[in-house]
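Structure first, commentary second.
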Amino acid sequence: MNAELDELYQQVLLDHAKRPRNFGEIAEGAVHVHGDNPSCGDEIHLHVRFGEDRGVEEIKFTGHGCAISLASASLMTMKLRGRTAAEATALATALRELVTTEVAEPTAALGDLRVLGGVRKFPQRVKCAMLPWRAFEQAQAGNAGSGRVSTEA
Amino acid sequence: MHAPAPRSIDWAALRADFPILQQEIRGRPLIYFDNAASTQRPRAVLDALRHFDEHDHANVHRGLHELSSRATDAYEGARQKVARFIGAANAEEIVFTRGTTEAINLVANSWGAKFLKAGDVILLTELEHHSNLVPWQLLAERTGARLRFVPVRVEDGTLELEQLGALLTPEVKLFAFTHISNGIGTINPVAELCRAARAVGAVSLVDAAQSAGHLPLDVQQIGCDFLAFSGHKMCAPTGTGVLYGRAEILEQMPPWHGGGEMIVSVTLEKSTFKTPPHRFEAGTPNISGAVGLAAAIDYLEQIGRDRIFAHDRALTEHAQVQLAGIPGVQVLGPREERGALVSFVMESAHPHDLTTFADQQGLALRGGHHCNQPLMRKLKLPGTTRASFYFYNTHAEVDAMMEILRAAQRYFG
Ligand SMILES: Cc1ncc(COP(=O)(O)O)c(C=O)c1O
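Sequences listed follow chains E and W, in order. For the first sequence, the residue numbers in my numbering are 74 to 226. For the second sequence, the residue numbers in my numbering are 5 to 417.
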């Protein structure tokens with residue numbers, strides 16, 4: 074098709090959108106955040122169980138949305154499980170930088186998440202990529218129970 | 005209603021009147037299929053605006069100088085033109101607004117504040133654009149009135165009119181509904197709905213945002229009390245719009261905005277107000293916008309809205325037939341009677357991925373809920389992809405869209 078489109082919709086991204094990993098709920102002891110993007114109807118229910126030191130013990134999601142938000146959520150859950158609180162925060166920051174600013178060399182720690190870099194050329198789609206991460210940050214900030222984030226808030 | 009011009013229409017020549025359409029997006033000819041959101045403006049309108057700004061601009065109804073009289077004549081001339089355009093009995097029934105949204109808010113704030121009380125019912129439909137829903141929610145909150153809705157049939161997007169009798173009880177004081185659904189294209193039988201409203205003593209309001217530039221409209225034939233539309237959806241500039249209100253009703257309505265232009269005399273404590281329509285137009289209006297709206301009306305009437313409707317109908321029909329041939333694509337809304345748009349979902353691609361993909365090929369579609377969140381919820385869809393047409397669009401463009409949709413299906417499938 075064209076290069077920018079192919080950079081946005083890389084095979085890895087399309088694969089995660091079609092077969093999202095860690096799709097499901099966590100039965101017990103998880104923080105639940107409902108994130109939505111009212112302008113396009115995307116919704117994500119993020120479940121995170123934090124350890125005593127606030128590390129990410131378990132993380133899953135359900136919901137529906139465009140390829141970018143689904144793939145971003147799927148990749149995020151794979152990346153975050155088992156991370157310490159500090160690592161998770163650093164990843165969220167690096168991801169935000171990746172999709173919003175022109176970085177010469179994306180942090181290697183991002184690994185697979187680097188496929189989301191193509192979003193940079195599509196400013197209207199940045200919030201699709203960020204939705205799961207904003208939900209995660211909300212989960213980190215809240216102690217227990219459930220919360221909400223919205224791209225329009 | 006205007007008799008169709010005798011000559012046949014050269015649609016390709018009309019298209020050439022639109023400078024903005026003569027461009028490429030990322031190396032591909034622009035295909036503009038987002039006309040339900042906003043249409044483009046022909047050179048005749050752009051020229052009228054420029055001419056006015058270069059020769060005639062001044063404030064209206066104020067200065068006793070030449071330019072002010074020219075501007076006033078242009079502004080009030082535009083009002084008369086609008087009145088003829090929609091078959092209003094007189095120009096005093098035409099209030100200029102910023103658009104459909106402001107027109108509806110005017111009714112909600114002015115008429116609503118005076119005539120609605122706790123326990124009254126505002127009847128709407130499940131098809132409404134947020135701008136014909138939210139103002140009524142706000143009004144209901146303020147007055148204690150209740151909202152009630154005519155349901156939409158999920159199968160074909162038409163209203164369940166067989167329920168109308170049960171819904172239109174004597175508590176209903178206002179029945180507001182769209183003429184054409186911007187989300188799925190349903191055309192409502194507006195004259196019948198207005199008649200039903202009148203039969204129970206309810207006031208009727210027609211949201212004509214999607215119809216005013218697309219088919220012949222006559223408020224007296226429709227029998228509505230209010231009708232609202234936006235200039236930018238019919239070749240006129242943004243920030244222009246109209247509220248038609250039947251004279252007897254407008255006369256009973258209090259002002260909603262206070263300021264200059266709308267008063268007769270002002271003391272420090274109290275003011276008296278002009279008669280409609282000026283009572284509802286506080287402050288300096290969008291004068292050049294009205295000039296542009298008048299030019300747009302001239303332009304559309306030269307073509308004839310009956311012909312525009314027939315042209316767009318054929319284009320929409322063509323798109324419907326083509327879309328039906330793509331497996332995994334579902335077209336929403338009625339099969340027959342529909343406005344100039346197709347709203348659809350594709351199994352393999354989310355509306356936003358599809359519109360991003362299309363945009364890369366120079367095709368402007370809209371993906372999302374189209375300011376119809378309750379309707380989308382009812383249809384159990386997060387959103388749709390919409391292609392909306394106008395008379396400058398072509399069959400070849402629809403064919404090009406189909407190629408792009410097929411390519412998208414391969415890409416995402
Ligand atoms: C049916 C309908 N009603 C109301 C509106 C609101 O029009 P505007 O934004 O011009 O006020 C629109 C336009 O989006 C519409 O399609």
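Quick reminder that beta carbons are idealized off the backbone N, C-alpha and C, glycines included.
Residues bridged to residue i [DSSP beta-bridge criterion]
{"i": "Glu131 (chain E)", "result": "E:Arg122"}
{"i": "Met350 (chain W)", "result": "W:Val333 and W:Ala353"}
{"i": "Thr101 (chain W)", "result": "W:Gly245"}
{"i": "Pro33 (chain W)", "result": "W:Glu28"}
{"i": "His137 (chain E)", "result": "E:Glu116"}
{"i": "Ser234 (chain W)", "result": "W:Gly245"}
{"i": "Phe153 (chain W)", "result": "W:Leu128"}
{"i": "Asn110 (chain E)", "result": "E:Asp115"}
{"i": "Ile267 (chain W)", "result": "W:Phe277"}
{"i": "Ile184 (chain W)", "result": "W:Ile191"}
{"i": "Ala368 (chain W)", "result": "W:Tyr36"}
{"i": "Phe96 (chain E)", "result": "E:Phe134"}
{"i": "Leu297 (chain W)", "result": "DSSP, once it has assigned bridges, lists no residue as partnering Leu297 (chain W)."}
Residue i (DSSP reduced to helix, strand or coil)
{"i": "Gln44 (chain W)", "result": "coil"}
{"i": "Asn94 (chain W)", "result": "coil"}
{"i": "Met5 (chain W)", "result": "The pLDDT assigned to Met5 (chain W) is 46, lower than 50, so where the model puts this residue is not dependable, and the model offers no usable value."}
{"i": "Asp229 (chain W)", "result": "coil"}
{"i": "Asn113 (chain W)", "result": "helix"}
{"i": "Arg221 (chain E)", "result": "strand"}
{"i": "Lys274 (chain W)", "result": "coil"}
{"i": "Phe395 (chain W)", "result": "coil"}
{"i": "Glu80 (chain E)", "result": "helix"}
{"i": "Phe179 (chain W)", "result": "strand"}
{"i": "Phe119 (chain W)", "result": "helix"}
{"i": "Arg339 (chain W)", "result": "coil"}
{"i": "Thr190 (chain W)", "result": "strand"}
{"i": "Arg390 (chain W)", "result": "strand"}
{"i": "Val86 (chain W)", "result": "helix"}
{"i": "Val402 (chain W)", "result": "helix"}
{"i": "Ser208 (chain W)", "result": "strand"}
{"i": "Val85 (chain E)", "result": "helix"}
{"i": "His373 (chain W)", "result": "coil"}
{"i": "Gly55 (chain W)", "result": "Per the sequence presented here, residue 55 (chain W) reads as His, with Gly not at that position. It is helical."}
{"i": "Val158 (chain W)", "result": "coil"}
{"i": "Leu163 (chain W)", "result": "strand"}
{"i": "Leu171 (chain W)", "result": "helix"}
{"i": "Leu379 (chain W)", "result": "helix"}
{"i": "Ala90 (chain E)", "result": "helix"}
{"i": "Cys239 (chain W)", "result": "coil"}
{"i": "Leu221 (chain W)", "result": "coil"}
Contact list for residue i against chain E, beta-carbon separation under 9 angstroms
{"i": "Met380 (chain W)", "result": "Gly114"}
{"i": "Phe416 (chain W)", "result": "Tyr82, Leu87, Ala90, Lys91 and Ala140"}
Neighbour list for residue i in chain W, Cβ cutoff strictly below 9 angstroms
{"i": "His118 (chain E)", "result": "Ordered by position in chain W, no residue passes the 9 angstroms Cβ test against His118 (chain E), which lies about 14 angstroms from the chain."}
{"i": "Glu77 (chain E)", "result": "Arg30 and Gln364"}
Contact set between residue i and chain W, taken where Cβ atoms lie within less than 8 angstroms
{"i": "His137 (chain E)", "result": "Pro386"}
{"i": "Arg198 (chain E)", "result": "His356 and Thr360"}
Cβ distance (whole Å) where residue i is taken to contact residue j below 8 angstroms
{"i": "Ile312 (chain W)", "j": "Leu304 (chain W)", "result": "7 angstroms"}
{"i": "Leu345 (chain W)", "j": "Arg317 (chain W)", "result": "Leu345 (chain W) to Arg317 (chain W), Cβ: 11 angstroms. No contact."}
{"i": "Asn290 (chain W)", "j": "Thr244 (chain W)", "result": "6 angstroms"}
{"i": "Ile188 (chain W)", "j": "Leu336 (chain W)", "result": "5 angstroms"}
{"i": "Asn75 (chain E)", "j": "Gln364 (chain W)", "result": "6 angstroms"}
{"i": "Val99 (chain W)", "j": "Gly249 (chain W)", "result": "7 angstroms"}
{"i": "Cys239 (chain W)", "j": "Val49 (chain W)", "result": "6 angstroms"}
{"i": "Asp126 (chain E)", "j": "Pro386 (chain W)", "result": "The pair is not a contact, with the Cβ atoms about 37 angstroms apart (cut-off 8 angstroms)."}
{"i": "Phe233 (chain W)", "j": "Ala213 (chain W)", "result": "5 angstroms"}
{"i": "Val176 (chain W)", "j": "Val204 (chain W)", "result": "6 angstroms"}
{"i": "Pro179 (chain E)", "j": "Gly190 (chain E)", "result": "6 angstroms"}
{"i": "Ile24 (chain W)", "j": "Ala368 (chain W)", "result": "Their Cβ separation, rounded to whole angstroms, is 11 angstroms, which puts Ile24 (chain W) and Ala368 (chain W) out of contact at 8 angstroms."}
{"i": "Phe22 (chain W)", "j": "Tyr396 (chain W)", "result": "6 angstroms"}
Proximal residues of chain W, C-beta to C-beta of residue i below 7 angstroms
{"i": "Phe195 (chain E)", "result": "Thr360"}
{"i": "Arg207 (chain E)", "result": "Going along chain W, no residue has its Cβ under 7 angstroms from Arg207 (chain E), so there is no contact; the nearest lies around 17 angstroms."}
{"i": "Arg221 (chain E)", "result": "Chain W residues near Arg221 (chain E): none, gap ~17 angstroms exceeds 7 angstroms."}
Any non-hydrogen atom of ligand 2 closer than 8 angstroms to residue i Cβ
{"i": "Ser147 (chain E)", "result": "In the structure on display, ligand 2 does not appear, and the ligands it does have are ligand 1."}
Proximal chain E residues relative to residue i, where beta-carbon distance stays under 7 angstroms
{"i": "His373 (chain W)", "result": "Gly114"}
Contacts that residue i makes with chain E (C-beta to C-beta distance below 8 angstroms)
{"i": "Asp357 (chain W)", "result": "Tyr82, Cys139, Ala140 and Ile141"}
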